[in-house]
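Worksheet for the structure shown next.
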Amino acid sequence: MRTERRPALRVLFSIGMSLLAIPFVFPTWWMITSSFKPIGEIFAFPPTLWPQNPTIQPYIDALTEQPFLLQYWNSMYIAVVVTVATMVFSAMAGYAFARIRFPGVNFLFVIVLVGLLVPSEVTIVPLFQMFNQLGLVNTHWPLLLVSTFGAPSVLATFIMRQFFVTLPVELEEAARLDGLHRAAIWWRIAMPLAKASLGAVAIFTFLHTWNLYLEPTVYLQSPDLFTLPQALTRYTDAYGGQMWNVQLAAATMTAVPVLIVFIFAQRQFVEGLAQTGLKG
Amino acid sequence: MSGVLDEAPVVLAAGASPRAGAGRPAEKRRRRRLSRGDTLIGYLFVAPQVIGILAFVILPLALILYYNFHEWNVLANTFRFVGTENVERLFSDPKVAPVLGATAVFSIGLVIGNLGLALLLAVLLNRKVRGITFFRTLFFSPVVVSLVAWTIVWGFLLQDDGGINGLLAMVGVDGPNWLREGPTAMLSVIVVQVFKNVGLNMILFLSALQGVPREVTEAASIDGAGKAAIFGRITLPLISPTILLTTIITIVGSLQVFAQIAVLTQGGPGISTTVLVYYLFQQAFEFHRFGYGSTLALVLFVIVLLLTIVQWQLRKRWVFYEN
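Quick note, the sequences are listed as chains A and B, same order. Under the numbering used here, the very last position in the first sequence is 280; numbers go up by exactly one each time. Under the numbering used here, the very last position in the second sequence is 1323; numbers go up by exactly one each time.
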């Protein structure tokens, strides 16, 4: 009886899960398909699930209404620089906090942990003022510096520390007997073993930086310096109305590349997140 | 974070193993030299992070306390000491209560919606069936879609003449103007955010569920325990550290919500979706009141601090540890 019921149950399960998945998948589908619709069709009733008269005009408009490619580059280079820098610095700090005994190490670790308690929104006013006095408002420096060294990077340091704590001592002792310096032990022994944790840090940091919205809104005024999330909301016509299909075309260009990377690297993605030592 | 912060600070000493042979002078000298090198490397390694936290977290925290006692209008270029005026304004500001209320409603709604759905999905997807990774990918995919892009699409879908109401009309239902009517606006913001990030908690729950030993649930099953009893009495307690962790992450994250509000509702209708961070942003960067903005930032900080302390205390009561 069990074997008879199983295939039917499996089909039922798949149908149920597919229905449940609709609100997760439909918006992305709607974004992509609507970005190829002429403006008249975008509010058609009944709604069309596939563009009837596909056009790439929204994409042309998205690229010409704003310096979109430049904004794309801004977002991309900021996210990459912050991600790589965070990986290096959080691995250094995480290693030292886990492995090296030096005076004040625990005190310094507590100072760093304060960063977990303070959402960056709390400090946005004084940070704006500080960067203003340094003449760095309307540059990318606040985004690069605060993301790499400030509160957002503490989670990365924490993840790295959690990994290095679990490294067997014997590995390092053997290396030390071979005369390796501490920095060399970190780089040549510990780092290669930390790939999964570094991967998790990279994913977290990239997504976080790529999605920043409050900070660019506060710090940046020139469209040439805008990042993508900020640029996406600026596609308005002369009357301040939203140009929906243009906005959706730009949103598609923002979302789809990351989505494609995710689909191909899905395994590492999910496993990386699952095994960050955050399991509790 | 649970079970992680509370472990004894494991700082492994250089050469602290029994094999280091602390007796002989030559060994001793070598050890001292090693540890002196270690001290330098230690400071060098933590310096970027520590300096960053001092400059971008601790110093700004001290500054908001300082600004809190000043009236600082950036436009008028006035900066003067006003004592507790900003704090008094906080208590007489008729908008503060509704803003805190909206913040609480958003946080509670998000935590219940997100954790409930994440747990449900994790339980449903925690099986070895062909194609299960496909479904996991579907539910996780919004996490990697850019936040503002995701929010824009939902804003488009939720308009009066948008896709959701279009679909509703096809089945003969006249949908509300979701984002422009009081109760549905807050509901919409919560739902949009739940679907965006539920995948993260789902993955954390999944990995916790996979850590639940089969033998335990099977033994209970043989002893005649029903599925509900096994889930409530065995599975839930075993994954409680993860539930605590995801609760902390989700609550703190919910207090930081800004982009979704700015894109979907601009705090409206009225101020029904104006959460604390959005109000702080308006006061500081739209009305240029840095002093009062700092007071509001302090409120946000105190709330986060209190929540963390409360959760830390609760942890002792209901989190089950295997060891």
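Think of the CB as a built atom: it goes at the ideal place given N, C-alpha and C, for glycine as much as any other residue. Computed from a predicted structure; not experimentally measured.
{"Item": "Chain A within 9 Å of B:R1136, Cβ atoms only", "Value": "yes"}
{"Item": "Residue nearest to A:K37 in terms of C-alpha spacing, selected from A:L212, A:P168, A:P58, A:P192", "Value": "A:P58"}
{"Item": "9 Å Cβ cutoff, A:R101 in contact with chain B", "Value": "yes"}
{"Item": "Per-residue DSSP class, three states only, for B:N1073", "Value": "strand"}
{"Item": "Rounded distance between the beta-carbons of A:A44 and A:A249, thought under 8 Å", "Value": "Actually they do not touch by this definition, with Cβ atoms about 17 Å apart."}
{"Item": "Top-ranked residue by Cα proximity to A:F128, from A:L259, A:T236, A:E215", "Value": "A:E215"}
{"Item": "CB contact check: B:G1052 to chain A, cutoff 9 Å", "Value": "yes"}
{"Item": "Cα-Cα separation between B:P1183 and A:P223, rounded to whole angstroms", "Value": "35 Å"}
{"Item": "Three-state secondary structure assigned by DSSP to A:T36", "Value": "Note on identity: in this sequence residue 36 of chain A is Phe, with Thr being the wrong assignment. Note: A:F36 maps to coil in three-state DSSP."}
{"Item": "Beta-carbon proximity list for B:F1195, same chain, < 7 Å, skipping 5 on both sides", "Value": "P1142"}
{"Item": "Presumed contact (8 Å Cβ cut-off) between B:G1291 and B:N1068, rounded CB distance", "Value": "7 Å"}
{"Item": "Contacts that A:V218 makes with chain B (C-beta to C-beta distance below 7 Å)", "Value": "F1285"}
{"Item": "Residue interval of the alpha helix (DSSP H) (run including B:R1136)", "Value": "1132-1144"}
{"Item": "Neighbourhood of A:M87 by C-beta, 8 Å cutoff - its chain only, sequence neighbours within 5 removed", "Value": "A156, L198, V201, A202, T205"}
{"Item": "Cα-Cα separation between B:T1123 and A:M17, rounded to whole angstroms", "Value": "Note that residue 1123 of chain B is Val in the sequence shown, not Thr. Roughly 12 Å separates the two Cα atoms."}
{"Item": "Within-9 Å CB hit, A:Y72 to chain B", "Value": "no"}
{"Item": "Within-9 Å CB hit, A:I263 to chain B", "Value": "yes"}
{"Item": "Inter-residue spacing [alpha-carbon to alpha-carbon] between A:V258 and A:T28", "Value": "12 Å"}
{"Item": "B:F1081 (DSSP reduced to helix, strand or coil)", "Value": "strand"}
{"Item": "With 16 other Cβ atoms within 10 Å as the buried cut-off, status of A:Q230", "Value": "buried"}
{"Item": "9 Å Cβ cutoff, B:T1273 in contact with chain A", "Value": "no"}
{"Item": "Alpha helix (DSSP H) segment containing B:N1068, residue limits", "Value": "1059-1068"}
{"Item": "Beta carbon proximity, B:R1032 to chain A, threshold 9 Å", "Value": "With a pLDDT of 48 at B:R1032, under the threshold of 50, the modelled position of that residue is not reliable, and no figure is offered here."}
{"Item": "Three-state secondary structure (DSSP) of B:T1217", "Value": "helix"}
{"Item": "Residue interval of the alpha helix (DSSP H) (run including A:H208)", "Value": "195-211"}
{"Item": "Beta-carbon proximity of B:A1262 to A:T217, cut-off 9 Å", "Value": "yes"}
{"Item": "Candidates B:T1151, B:V1192, B:R1214, B:S1146, of which the one nearest A:V256 by Cα", "Value": "B:S1146"}
{"Item": "Any chain A beta carbon closer than 9 Å to B:I1234", "Value": "no"}
{"Item": "Per-residue contacts from A:F97 into chain B (C-beta, under 7 Å)", "Value": "V1046"}
{"Item": "In DSSP terms, what B:R1233 is bridged to", "Value": "DSSP output for B:R1233 lists no bridge partner at all."}
{"Item": "Under the three-state DSSP convention, the category A:T236 falls into", "Value": "strand"}
{"Item": "Euclidean distance between Cα positions of A:Q266 and A:I159", "Value": "20 Å"}
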